[in-house]
Structures are given as C-alpha cells and as structure tokens.
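A.B. asks: Plus 1 on top of the position in the sequence shown (first one is 1) and you've got the working numbering.
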Amino acid sequence: MRMMYEFMQEKIKMSKETAALLTAVLLVIGVVILTAAFISVIGLWCYADTILSLVTLVSGVLVLIWILNL
Numbered sequence: 002m003r004m005m006y007e008f009m010q011e012k013i014k015m016s017k018e019t020a021a022l023l024t025a026v027l028l029v030i031g032v033v034i035l036t037a038a039f040i041s042v043i044g045l046w047c048y049a050d051t052i053l054s055l056v057t058l059v060s061g062v063l064v065l066i067w068i069l070n071l
C-alpha cells in the first residue's frame, strides 16, 4: 500500500492528500471485489450482504487509521 502511495506521489506528481485518498479507495474496492469472489467460490450467498458490509467497514476503518498516520 505504501509503495502505491509513494508511486502516485513521486511519479504521477499527486499531492499527499490526493494520493492517500486514491490509494484508500483502490484498496477498499480491491478488498470488496476479492471478498465477493471468495463468497461466490464458497457459496455463502445467504450471508453475502453481511459479509460485504463488515469487510467494507473494517477495511474503511483500517484505511482511515493508515491515512491519519501519514
């Protein structure tokens, strides 16, 4: 995650805030997509909405903590 953040800041010349926000958004989207794929492979469709909500909430909190530590 830090490597992607530093790449956006140095190579693409984004501001610190924009790079952090874009990194966070991409990370949460990636985690939700991987979780949805995992749900479809295992077949837990009856719990899909709960699992995706919890994963989104937890990853959002972790990303917020990461941004605040920058």
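The C-beta atom is built at its ideal place from N, Cα and C for all residues, glycine as well.
Note that the coordinates shown come from a computational prediction; the quantities given were computed from them, not determined experimentally.
Taking C-beta to C-beta, are residue 2 and residue 36 nearer than 8 angstroms?
C.D. replies: What you label residue 2 is simply residue 1 of the sequence shown in a count that begins at 1. What you label residue 36 is simply residue 35 of the sequence shown in a count that begins at 1. Result no, Cβ atoms of residue 2 and residue 36 do not sit closer than 8 angstroms.
A.B. asks: Which stretch, first to last residue, makes up the alpha helix (DSSP H) that contains residue 48?
C.D. replies: Taking the first residue of the sequence shown as 1, we reach residue 48 at position 47. Taken as a continuous stretch (DSSP letters only), residue 48 belongs to no alpha helix (DSSP H), as it is neither H nor E.
A.B. asks: Just to confirm my understanding: we take residue 32, look at its own chain, exclude 5 residues before and 5 after, and list those with CB closer than 7 angstroms. What are they?
C.D. replies: Start at 1 with the first residue of the sequence shown, and residue 32 comes out as number 31. If we look at residue 32 and ignore the five residues flanking it on each side, its Cβ neighbours are 56, 60.
A.B. asks: Quick one: measure Cβ to Cβ for residue 4 and residue 20, integer angstroms, because I've assumed they're closer than 8 angstroms.
C.D. replies: Translated into the one-based positions of the sequence shown, residue 4 becomes position 3. Translated into the one-based positions of the sequence shown, residue 20 becomes position 19. The pair is not a contact, with the Cβ atoms about 12 angstroms apart (cut-off 8 angstroms).
A.B. asks: If you draw a straight line from the C-alpha of residue 52 to the C-alpha of residue 27, how long is it?
C.D. replies: Reading the sequence shown from its first residue, position 51 is the one you call residue 52. Reading the sequence shown from its first residue, position 26 is the one you call residue 27. The alpha-carbon atoms of residue 52 and residue 27 are separated by roughly 19 angstroms.
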